[in-house]
Amino acid sequence: KGLFTYDPGFVATASCESGITYIDGAAGTLLHRGYPIEQLAENSNYVELCYLLMFGELPSPEEYEKFSGTIGRHTMVHEQIVNFYKGFRRDAHPMAVLCGVVGGLAAFYHDNLDITQADQRHVSAIRLIAKMPTLAAMCHKYNIGQPFMYPRNDLNYSENFLHMMFGNPCENYEVNPVIAKAMDRIFMLHADHEQNASTSTVRLAGSTGANPFACISAGIAALWGPAHGGANEAVLAMLDEIGDDSEENIQRFIDKAKDKDDPFKLMGFGHRVYRNFDPRAKVMKETCDEVLGELGVGDDAQLQIAKRLEQIALEDEYFIERKLYPNVDFYSGIILKAIGIPTNMFTVIFAMARTVGWISHWNEMITNGYRISRPRQLYTGYDKRDYPNK
Ligand code: CMC
């Protein structure tokens, strides 16, 4: 009934050309503008990576200073946005709040919304990258009923985020450098991942000419699902449900994940593209050991369950045959929990970090020229029929 290529889930469809990120799923390779993620995680930082993703090259020291200073100058949000938060229930999920608030930014920053102008697109991109930590931390503070914290531009990107999350007006918040470094690394490991569901959503929304705040809000909504960014929160819920690291208990959950009549899946396992290992998960695991060591919680019960679960799954025929390995979300949740980030903020942090990837893809699409994305379908409904006479 149709003349079109049928590719549900876009397993074999390239939707665009892009020069930003390269993934070789079989080899477990992830390159941003040609640089391996492992080298970037070791030697770079999130703000430098933002520059690389946006402009295609690493910045010189002068370019870095200028770029990071510009981000610093855009961290505050319009004071009226506080009222926007106040319209939400205190117990609203922070991702629900974030979708609304980010979409609403177009109502506050409409002075540079001519998307045909590169300089205006740039201003919006900077605003989004700079304001996301402020907006994310505000979701948390609103949730727990504490005052919003203003950003501090003497701190770097991750330190500032920790300050706005955990600081309060009554006492000075001391940022632990090991924790700040781990946070920065989590941001880096989530910064971009080519045409995943949320990035494709941003491109698709952008292909209509929609403004960047609306497009990023669409991306945040797509990221929320448990098969995508929502998996980091789901991993922790799963570890809680498993409860103890005895072999027979863990085996019971592995068996559930293998049972095709049971919808349960091992959260934090599997990936559409990586069929060997997720290189981000390797770095994440190292960071996890560092953070838990620093905080003296290396014997954390959930970490023990996670490690045992990983070990048993990786030796199981089902997971071996299907090439299912831990993905980036498997260890990130354990690190975030150890840092003291509440579970309902995990996907918000993913969204914050991925904003640079989304906006870089949006800008690349507009710069390179595009047509509206308009997939076709294979129609499976009725043939034409007449409306009955009554
Ligand atoms: N637990 C148990 N079985 C699984 C899992 C899992 N986590 N993941 C895939 N499978 C099975 C799946 O049932 C299928 O089996 P069969 O061939 O017998 O039908 C086979 O492995 C192939 O999987 P698929 O569903 O065709 O793979 P997909 O590319 O459509 O989905 C995925 C990829 C990531 C959505 C899926 O692996 C999944 O739901 N994983 C759990 C959620 C998760 O961790 N998501 C985070 C992904 S990485 C970060 C991000 O993108 O945000």
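Under the numbering used here, the first residue of the sequence shown carries the number 251, and numbering increases by one thereafter.
For glycine and all other residues, C-beta sits at the position ideal for the given N, C-alpha and C.
According to the neighbour-count rule (16 or more other Cβ atoms, all chains shown, within 10 Å of its Cβ), is residue i buried or exposed?
| i | result |
| --- | --- |
| D528 | buried |
| S374 | buried |
| T537 | buried |
| F260 | exposed |
| I466 | buried |
| I321 | buried |
| N422 | exposed |
| D494 | exposed |
| Y301 | buried |
| V697 | Here the chain comprises residues numbered 251 to 640, so residue 697 is not present and cannot be evaluated. |
| S496 | exposed |
| A264 | exposed |
| G337 | exposed |
| I622 | exposed |
If distances are taken between C-alpha atoms only, which option among the options comes closest to residue i?
| i | options | result |
| --- | --- | --- |
| Q561 | Q370, G546, D550 and F519 | F519 |
| A603 | S582, N639, E312 and I331 | S582 |
| V541 | V428, G337, D566 and Y272 | V428 |
| N594 | D511, L559 and I394 | I394 |
| V231 | E292, T255, K506 and Q445 | An answer regarding residue 231 cannot be provided, because it is not within the stretch 251 to 640 covered by the chain. |
| P513 | A477, V523, G546 and A531 | A477 |
| R340 | M326, I321, Y392 and Y296 | Y392 |
| V523 | V351, A487 and V578 | V578 |
| S610 | W474, G456 and F596 | G456 |
| G470 | C266, T320 and I599 | A small fix is needed here, since residue 470 is Ile in this sequence, not Gly. If we check each option's Cα against that of I470, I599 comes out closest. |
| R377 | P258, L363, C389 and H390 | L363 |
| E409 | E424, F358 and Q396 | E424 |
| A277 | R525, Y575 and Q627 | R525 |
| G619 | H328, A368 and D549 | A368 |
| F398 | A386, G284, L405 and D404 | A386 |
| L553 | M488, N446 and Y400 | M488 |
| G459 | R402, W612, E315 and H521 | W612 |
| P344 | H328, H390, K316 and E307 | H390 |
| P286 | E298, T271, Y296 and V297 | T271 |
| Y400 | K316, L473, L439 and H324 | H324 |
| A380 | L405, L545, I492 and Q627 | L405 |
| K535 | Y575, F411 and K508 | Y575 |
| F437 | F411, G417 and T451 | F411 |
Looking at the ligand CMC, does it come within less than 8 Å of residue i, judged from the CB to the closest heavy atom?
| i | result |
| --- | --- |
| F437 | no |
| A471 | no |
| A579 | Looking at the sequence itself, residue 579 is Asp, so the reference to Ala does not match. It does: the Cβ of D579 is within 8 Å (strictly closer) of some heavy atom of the ligand CMC. |
| K535 | no |
| P401 | no |
| D528 | yes |
| T517 | For clarity, residue 517 is Met in the given sequence; the question names Thr instead. Yes, the beta carbon of M517 sits closer than 8 Å to at least one heavy atom of the ligand CMC. |
| H521 | yes |
| K532 | no |
| K508 | yes |
| L574 | yes |
| G259 | yes |
| H413 | no |
| Y568 | yes |
| G350 | no |
| H360 | no |
| G479 | yes |
| P476 | yes |
* **Contained alpha helix (DSSP H) runs [length at least 4] in the region 333 to 359, N- to C-terminal order** => 344 to 354
* May I have a chain-ordered list of the beta strand (DSSP E) segments no shorter than 3 residues that lie completely inside the region 448 to 517? => none
* **Any beta strand (DSSP E) of 3 or more consecutive residues that is wholly inside the region 279 to 332** => 279 to 282
* **4 or more residues per run - each alpha helix (DSSP H) lying fully within the region 548 to 636** => 551 to 564, 567 to 571, 578 to 589 and 596 to 618
* **Start-end ranges of the alpha helix (DSSP H) lying completely within the region 253 to 283, minimum 4 residues** => none
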